[in-house]
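Participant: Protein chains in written order, with our numbering: chain A, 662 to 895; chain B, 662 to 895. Ideal Cβ placement from N, Cα and C applies to all residues, glycine included.
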DNA sequence: TTGGACGAATTGTGATCACATTTCTCGAAG
DNA sequence: CTTCGAGAAATGTGATCACAATTCGTCCAA
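1. With H, G and I counted as helix, E and B as strand and the rest as coil, what does DSSP make of residue 816 of chain A?
2. Once the 5 residues before and after residue 773 of chain A are set aside, which same chain residues still bring their CB inside 6 Å of it?
3. Would you say residue 684 of chain B touches the ligand MN, meaning its beta carbon is less than 7 Å from a heavy atom?
4. Taking Cβ-Cβ distances shorter than 9 Å, what residues in chain B pair up with residue 852 of chain A?
5. Express the C-alpha separation of residue 689 of chain A and residue 849 of chain B in angstroms, rounding to a whole number.
6. If you measure beta-carbon to beta-carbon, which residues of the stretch 799–830 of chain A are closer than 9 Å to chain B?
7. Can you confirm whether residue 727 of chain B, when its beta carbon is compared against all beta carbons of chain A, has any partner nearer than 8 Å?
8. Should residue 730 of chain B be flagged as near chain A, meaning a C-beta pair shorter than 8 Å?
9. Could you tell me which uninterrupted alpha helix (DSSP H) segments, each at least 4 residues in length, are contained entirely in the stretch 795–859 of chain B, listed from first to last along the chain?
10. What's the call for residue 742 of chain B, buried or exposed, on a 16-neighbour Cβ count within 10 Å?
11. Going along the chain, which residues of its own chain have a beta-carbon closer than 7 Å to the beta-carbon of residue 877 of chain A, five neighbours each way excluded?
12. Do residue 812 of chain A and residue 754 of chain B come within 8 Å of each other at the CB atom, strictly closer than that value?
13. Nearest-angstrom Cα distance between residue 791 of chain B and residue 837 of chain B?
14. Chain A partners of residue 750 of chain B, CB-CB under 8 Å?
15. Along chain B, in chain order, which residues have C-beta atoms closer than 7 Å to that of residue 722 of chain A?
16. Shortest alpha-carbon distance to residue 730 of chain B belongs to which of B/781, B/744, B/841, B/798?
17. Residue 824 of chain B to residue 824 of chain A, Cα distance in whole Å?
18. By alpha-carbon positions, which one of B/751, B/687, B/703 ends up nearest to residue 727 of chain A?
19. Drop a sphere of 10 angstroms on the beta-carbon of residue 685 of chain A, count the other beta-carbons inside from all chains shown, and report buried for 16 or more, exposed for fewer.
20. Specify the secondary structure class of residue 704 of chain B as computed by DSSP and reduced to three states.
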């Protein structure tokens, strides 16, 4: 099973809302997709996931439906559930959406990014750099997500934020396969520039840093053959 | 029941994919939300919807999960499912998202909008105007949706298009209550300007027409008290 | 008339079952 | 060695059931 369920409950049950099994399943799948733990193209089975999560197929069904509605999973005509495979058209559109939305939300967040948040961002970026040195792709992706969403979350954007989350869910599995092919050494980002822009309250600079960070990732893709599908033949 | 199930199957089953009961439930709910047939704040019950659709609660559960994942429905902490109520913050963000995404996708679609599509758009706009004269809010909203998405669909935007669809799903129920309060006579749009811009291959003009069309709707809201919640007290 | 409490009805959740369809497996024929 | 097909295993879908929690209606007391 590609979902390594290490029984670490990263959901906080004390947030008021009673967490259901389904919610845990959704959170688990989200995490796996965000860090690219699930290979695109591989079929996910209800009963298999249920066994991994230690439940009946029922909560998994709803979880998969929810993720599919955000286009993080794809339900084929025969009913099989897979992680969507990337196509050039989809990749272009995904990048366009990110470049449109993320700098905008970052700019919205800027007035609310206090010094504590900047400190947190610096810490995340440091941890991220260590992951790059160690070649730890999975945690790198986790910290990269944390970095961006620590910024975006500060914006009061109850509509745009979930939209961006959906984009990252669609992006994660594909990026993982890319990182796996080009390694982590070549990875560059604009996080330091973003932090600096935040520190000096420079909206245009922050927009540009986020935009370039996205485009950096896109340029990385140019080095691999997009025509080839993600799932490597056994 | 607020969902008037008139047994007209608007889904086309001959598209290859075998349509399940769940898919019909999703389509039915989508339609009801887009045309504002379901009042925000009113609780939807699984068994109630199931009875309306003539099925067991099972397909409805998955359908509701899917719509909730697109933020077209909201699942409260106690599990009750409601159409989300509008807040000023949510409205602002919704508008910002629409203004960001829709002109862009329209511009992307422009090169692919042939003469037949322009003719179709004109037909839709005429039907829409007739609905305005008759005060037929529900069909007006249907045609308005058709108009915009006839344009957007032409763009090869497999990622952005569902994002915009999600925005409209969130927008529909609220707009319906607004229309119900201000009437349809005062409604203005920029559809004629959009058609003209398409006809003369004017990208900037099309962007502006779409943008103004969205802002027209927003200005309409200014005339009603946004502080008051949508659900009228019984 | 108003306020609260108790019981009944309803709700969402999770599990299990039945079934049609699909997928996989494996062996025989070419 | 490849190709095809029959049987077996597995899969998604929908229905039903049990149960805890919530909601609603009603009645009684102040």
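Facilitator: With the structure as the only source:
1. Mapped onto the first chain, residue 816 of chain A falls at position 155. Looking at residue 816 of chain A - three-state DSSP - the assignment turns out to be coil, as it is neither helix nor strand.
2. As a position in the first chain, residue 773 of chain A is number 112, starting the count at 1. Within the same chain, residue 773 of chain A has close Cβ partners 815.
3. With respect to the ligand MN, the structure shown offers nothing to examine, as it has no ligands at all.
4. As a position in the first chain, residue 852 of chain A is number 191, starting the count at 1. Within 9 Å Cβ-Cβ: nothing; residue 852 of chain A doesn't reach chain B, min ~24 Å.
5. One-based indexing of the second chain puts residue 849 of chain B at position 188. One-based indexing of the first chain puts residue 689 of chain A at position 28. Distance between the alpha carbons of residue 849 of chain B and residue 689 of chain A: 46 Å.
6. Cβ contacts with chain B: 816, 817, 818, 819, 820, 821, 822, 823, 824, 827, 828.
7. Looking up residue 727 of chain B in the second chain gives position 66. So, interface residue.
8. Taking the second chain and counting its residues from 1, one reaches residue 730 of chain B at position 69. Judged by the 8 Å Cβ criterion, residue 730 of chain B is in contact with chain A.
9. Listed in chain order, the complete alpha helix (DSSP H) runs (minimum 4 residues) inside the stretch 795–859 of chain B are 798–815, 821–843.
10. Indexing the second chain from 1 puts residue 742 of chain B at position 81. By the neighbour-count rule (16 or more Cβ atoms within 10 Å), residue 742 of chain B is buried.
11. Start at 1 with the first residue of the first chain, and residue 877 of chain A comes out as number 216. Contacts found: 849, 850, 851.
12. Mapped onto the second chain, residue 754 of chain B falls at position 93. Mapped onto the first chain, residue 812 of chain A falls at position 151. Taking C-beta atoms as the reference points, residue 754 of chain B and residue 812 of chain A fail to come closer than 8 Å.
13. Here residue 791 of chain B refers to the residue found at position 130 when the second chain is read from its first residue. Here residue 837 of chain B refers to the residue found at position 176 when the second chain is read from its first residue. In a straight line, the C-alpha of residue 791 of chain B is about 18 Å away from that of residue 837 of chain B.
14. By 1-based counting over the second chain, the position of residue 750 of chain B is 89. Within 8 Å Cβ-Cβ: 817, 819.
15. On the first chain, position 61 is the one that residue 722 of chain A refers to. Here the neighbours are 723.
16. Here residue 730 of chain B refers to the residue found at position 69 when the second chain is read from its first residue. Closest by alpha carbon: B/744.
17. The residue given as residue 824 of chain B occupies position 163 in the second chain. The residue given as residue 824 of chain A occupies position 163 in the first chain. Taking the straight line from one Cα to the other gives about 7 Å.
18. For the purposes of this step, residue 727 of chain A is identified with residue 66 of the first chain, where counting begins at 1. Minimum Cα distance to residue 727 of chain A is reached at B/687.
19. As a position in the first chain, residue 685 of chain A is number 24, starting the count at 1. By the 10 Å Cβ count, residue 685 of chain A comes out buried.
20. Taking the first residue of the second chain as position 1, residue 704 of chain B is located at position 43. Residue 704 of chain B falls in the strand class under three-state DSSP.
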